Amino acid sequence: MTPVSHETEQRLDRFIDLLGQWQSKTNLVAPSTLPHLWTRHVSDSLQLLELQPAARRWMDLGSGGGFPGVVLACALAERRGAVVHLVERNVKKAAFLREAIRVTSSPGVVHLSEIGNIVDTIEDRIDCVTARALAPLNLLLGFAEPLVRKGAKALFLKGQDVDAELTEATKYWTIRTLLHSSRTGGGGWIVELDRIERRS
């Protein structure tokens, strides 16, 4: 697992405790993954920081149960000027995210919004845009394109069928990608992009 400070570990502990309390009434993560939250979800999220160590302003699309958005916010809490924008359209999940940011005292802003409505209107300059278990790559590129056009990097956590998703995506998009093998196993990948242009 990516090494974190003692303070970050405490924030992550509070977040995981909260998730356990809310999971019974709001399905935030797949129940089968609950015993492996640290390895399956937290570590998976933290490895993004190593790929973009200088990034301070993040946007997490479809934050859901807070992976990677809340985890990133917990890890960035000691960094001056850091903020993570968490975009979630589900009212209950957005309420959970707000509570998670509050109890961990982390620099996050929750946007109860459709993704398409926020990426065009956000005034904060975004260094890095993320998504995990949200949508096929082809759709994610459409969401991320306005942010990448303004200079953001995109880091998308993907499963083992990443090649098929990339093949499909390049029918519609001209992209420049770097693939990183996920450290948490399971055949996962991180797709890094710094260029997204719609094919004419």
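Anchor point for the sequence shown: position 171 equals 336 in this note's numbering, and the numbering is continuous, going up by one each time. Idealized CB from N, CA, C, for every residue including glycine. Source: prediction; values computed, not measured.
Since residue i and residue j are thought to touch, with beta carbons under 8 Å apart, how far apart are those beta carbons, to the nearest angstrom?
i    : j    : result
G316 : I280 : With 8 Å as the limit, G316 and I280 do not qualify as a contact, their Cβ atoms being about 19 Å apart.
D225 : L184 : 15 Å between Cβ atoms; not a contact.
R263 : V275 : 5 Å
D292 : W223 : 7 Å
Which residues in the same chain as residue i place their Cβ atom closer than 7 Å to its Cβ, once the five residues preceding and following it in sequence are excluded?
i    : result
W338 : L306, I361, E362, R363, R364
S346 : W354
L216 : L320, H345, I355, E357
Using a Cβ-Cβ cutoff of less than 6 Å, which residues in the same chain neighbour residue i once the five nearest sequence positions on both sides are dropped?
i    : result
V313 : A319, I361
A247 : R221, L241, P272
T173 : C239, A240
F321 : A296, L305, V356
S189 : none
T269 : R176, R179, F180, C239
Can you give the Cα-Cα distance for residue i and residue j, rounded to whole angstroms?
i    : j    : result
A300 : K323 : 10 Å
T295 : S210 : 10 Å
I266 : N282 : 22 Å
T204 : A260 : 25 Å
R176 : R348 : 22 Å
S197 : G230 : 14 Å
S208 : V256 : 26 Å
G350 : R341 : 24 Å
V236 : R254 : 19 Å
K258 : T191 : 7 Å
H206 : A195 : 11 Å
A329 : D359 : 20 Å
K336 : R245 : 41 Å
P311 : D289 : 13 Å
F308 : Q325 : 22 Å
V243 : S170 : For clarity, residue 243 is Glu in the given sequence; the question names Val instead. Between E243 and S170, the C-alpha separation is close to 10 Å.
L277 : T332 : 32 Å
V284 : T167 : 29 Å
In terms of DSSP beta bridges, what is residue i paired with?
i    : result
E357 : L320, L343
R363 : W338
To which residues of the same chain is residue i closer than 8 Å at the C-beta, ignoring the five residues directly before and after it?
i    : result
V327 : L302, L344, W354, V356
P213 : It is worth fixing the name first, because residue 213 is Leu in this sequence and not Pro. Taken in chain order, the residues that qualify are P233, L237, C293, T295, L320, L322, I355.
L202 : I181, L184, V194
At what residue ranges does the region 235-301 contain a whole run of the beta strand (DSSP E), taking only runs of 3 or more? For the region 235-301, the continuous beta strand (DSSP E) assignments of 3+ residues that do not extend past its boundaries occur at 248-253, 273-277, 293-297, in sequence order.
Counting only runs of 3+ residues fully inside the region 182-235, write out the beta strand (DSSP E) ranges in chain order. The qualifying runs are 222-226.
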